[in-house]
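*Asks:* Using UniProt numbering, you'd call the opening residue of the sequence shown number 1 and step up by one each time.
All C-beta atoms, glycine included, are put in the ideal place defined by N, C-alpha and C.
For clarity, every value in this text was computed on a predicted model and none was experimentally measured.
Mind having a look at this structure? Questions to follow.
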Amino acid sequence: MNMHRYVKVRFLSWLIFLLSANYLIAGCYVDVPPRGAAEVSMRVTELLTDSDPDVRRTAAESLGKIGERSAAHGLLVALKDQDPRVRAAAARSLGNLGDEASGIPLAGRLADSSEAVRMASALALSEIESAASSEAESLRMLRHQDASVRIAATRALAGQDTVRFTGELVGALQDPDAQVRQGVVAALGETGDGRAIRHLVRLLKNDSSAGVRSEAAFRLGKLGDMSIVRELSTVVQADADPMTRGWARWAVEQIMSSRGSDSGIRPVQSAVLGSQGQSR
1 MNMHRYVKVR FLSWLIFLLS ANYLIAGCYV DVPPRGAAEV SMRVTELLTD SDPDVRRTAA
61 ESLGKIGERS AAHGLLVALK DQDPRVRAAA ARSLGNLGDE ASGIPLAGRL ADSSEAVRMA
121 SALALSEIES AASSEAESLR MLRHQDASVR IAATRALAGQ DTVRFTGELV GALQDPDAQV
181 RQGVVAALGE TGDGRAIRHL VRLLKNDSSA GVRSEAAFRL GKLGDMSIVR ELSTVVQADA
241 DPMTRGWARW AVEQIMSSRG SDSGIRPVQS AVLGSQGQSR
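Structural data, given as structure tokens:
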């Protein structure tokens, strides 16, 4: 790292320290001491256009830590930066700010060429208050030709508290990629809509992917009722995958417990979530 870059990065670190410690000391690039979060944010925002991508990335990260919503405009510009590390940092910081207006731009970045940016945008969307417009954009990404984009879209949708039961979600259950189908199952479960139950039961019984079947069992344990206990019990006895059987046991137990009954079936204690495990 050359001296010019070092000074600017150190300057950012000092600004964050001064804000948290509530001290007032002039920095290298500051003519007057920063006075509160708004002024610190303004000074840091100026560095989002620096020629050095490391400085731009550090500035984007710092703005998320400062937490001033006035920084959202600069971060939205940084979301289009040529360096993917800057774009990912901007997405994470926009999530920290919780600015609803950033929903559509973040949803657009679900199709970014960088996986880090796609995942950062999906996480950010789960942290801001969802709007119908950003949800619609995320749903549109479920039709993207790139499976990695569709996976990012399912993560964004599953992380939103207000995701709705829609025909587009149901249609995406036919996706050829198992990770996409599993993500859609998770999103359907998050809708809390009883209409999802029959679709989840169908996948539990017929999907070729153990990850999808396990996710369906987990979601049915949260959404289901006594009407599906028999089908879940059949899966407990017959499914070839031990994780799916374990989650089906857990689902039966959840449903029976909610009715104040004891099914006599206990969840498999070794059923743990792996890289394709259920999101809660």
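#1: Taking only runs that begin and end inside the segment 78-130, name each unbroken alpha helix (DSSP H) of 4 or more residues, in chain order.
#2: Secondary structure at P176, three-state DSSP: helix, strand or coil?
#3: According to DSSP, simplified to helix, strand and coil, what is R164?
#4: Considering only the beta carbon of each residue, do W250 and S214 sit closer than 7 Å?
#5: Buried or exposed for Q182, please, with buried defined as at least 16 other CB atoms from any protein chain shown within 10 angstroms of its CB.
#6: When the Cα atoms are used, what is the spatial distance from G224 to G194?
#7: Out of curiosity, what's the CA-to-CA distance linking I128 and A88?
#8: Among residues of its own chain, excluding the 5 on either side of E219, which ones have a beta-carbon nearer than 8 Å to its beta-carbon?
#9: Confirm, please, whether the CB-CB distance from G64 to L48 is below 7 Å.
#10: Return the chain-ordered ranges of every alpha helix (DSSP H) run that is complete within the segment 168-230 and spans a minimum of 4 residues.
#11: Give me the Cα-Cα distance between A178 and L139, rounded to the nearest whole angstrom.
#12: Should A240 go down as buried or exposed, given a rule of 16 or more other Cβ atoms within 10 Å for buried?
#13: Report all residues from its chain with a CB closer than 8 Å to the CB of D262; omit the five preceding and five following residues, and keep chain order.
*Replies:* Reading it off the structure:
#1: Within the segment 78-130, the complete alpha helix (DSSP H) runs of at least 4 residues are 84-97, 103-108, 115-127.
#2: Correct three-state label for P176: coil.
#3: R164 carries a coil assignment under DSSP once its states are collapsed to helix, strand and coil.
#4: no
#5: By the 16-neighbour rule on beta-carbons within 10 angstroms, Q182 is buried.
#6: 8 Å
#7: 16 Å
#8: At residue 219 the sequence reads Arg, which differs from the Glu that was named. Within the same chain, R219 has close Cβ partners V185, A186, L188, G189, A196, L200, Q278.
#9: For L48 and G64, no; Cβs fall outside 7 Å.
#10: 178-191, 197-206, 210-223
#11: Their backbone Cα atoms lie some 17 Å apart in a straight line.
#12: Under the 10 Å beta carbon count, A240 is surrounded by fewer than 16 other beta carbons and is classified as exposed.
#13: Model confidence at D262 stands at a pLDDT of 45, short of 50, so the residue's coordinates are unreliable; what they give is reported in the following sentence. Cβ within range, chain order: M256.
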